[in-house]
Amino acid sequence: MKKRNLMTLSIFLMILSVSFVSSFGVATNYWKGHPMQLSPGESGTSVLSLQNMKTTEDLTVQMDITKGDEIASIDKSRYFVKANTADTVVPVKIRIPYSAEPGTVYEVTVSSRTVTPGGSGVVLGTGMDTSFEVLVVENVLLETESEEIPQLKFDTGVLIGALVIVVILGVLLWVFLKKKKKSK
């Protein structure tokens, strides 16, 4: 019984002595119920923001697409996230096939986990999956109408009056400056 209590206490103290606190997170601009919308053949980019808040340690994060890799890709797999930052951008490129039917919903899941390069022993890391939907919408072409572009219309009388006023002000300014030079 005494050995068992000592073993339990030792395990408990080992768990408490681990000083790993992670404030790692991933934010996205699309999610289930708020999908990214693209037409067949269209490409776009969804942005994931890696966050490493309230810590003094920088992180290296491994990013992998675990679902939806037929339409999604990431340029690189490892990202360096500085301490106390919330703006490390991971662009997820989305390309919808031309054969995709409008109304089709693709789910993209990006797995992220913290890694310790060159670490030895037991390494505790944080991992999470971030998912968002991509909805294929009908291709909407902008139709240009054959209407003429409205032209600005000036009243000729107003235009001539404005020009006369500008000329008169110019002449008065010239006369004023000439008189000022003569008086010196």
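Residue numbers (my numbering): 1 to 184.
Positions of the beta carbon are idealized from the N, C-alpha and C atoms, including for glycine.
Please state if the CB of V89 and the CB of V115 are separated by a distance shorter than 8 Å. It is not a contact, given that the beta carbons lie outside the stated cut-off.
Spatial neighbours of A27 within its chain, please: CB distance less than 6 Å, with the 5 preceding and 5 following residues excluded, ordered by chain position. S49
So K67 and V108 are in contact, right, with Cβ under 8 Å, and what is the actual spacing, rounded? 6 Å
Using 8 Å for Cβ pairs, my map puts Q37 next to L135. What's the rounded Cβ distance? 5 Å
Is DSSP giving I165 helix, strand or coil here? Helix at I165.
Which same chain residues, not among the five before or five after V105, have their C-beta less than 6 Å away from its C-beta? E133, L135
Status (buried if at least 16 other CB within 10 Å, exposed otherwise) for L59: buried
For A83 and T126, which I take to be in contact (beta-carbon distance under 8 Å), what is that distance rounded to the nearest angstrom? No, A83 and T126 are not in contact; Cβ-Cβ is about 14 Å, not under 8 Å.
If we ignore side chains and look at the alpha-carbon of each, how far apart do L159 and V166 end up? 11 Å
Roughly how many angstroms lie between the CA atoms of E57 and I65, to the nearest whole one? Roughly 26 Å between the two C-alpha positions.
Quick one: using the 10 Å Cβ neighbour count with 16 as the cut-off for buried, is N29 buried or exposed? exposed
Exposed or buried, which one is P102 when buried takes at least 16 other CB atoms within 10 Å? exposed
Closest to N52 by C-alpha separation, out of K32, T8, G33, F80, would be which residue? F80
Exposed or buried, T130, counting other C-beta atoms within 10 Å across all chains shown (16 or more means buried)? Per the 10 Å Cβ criterion, buried.
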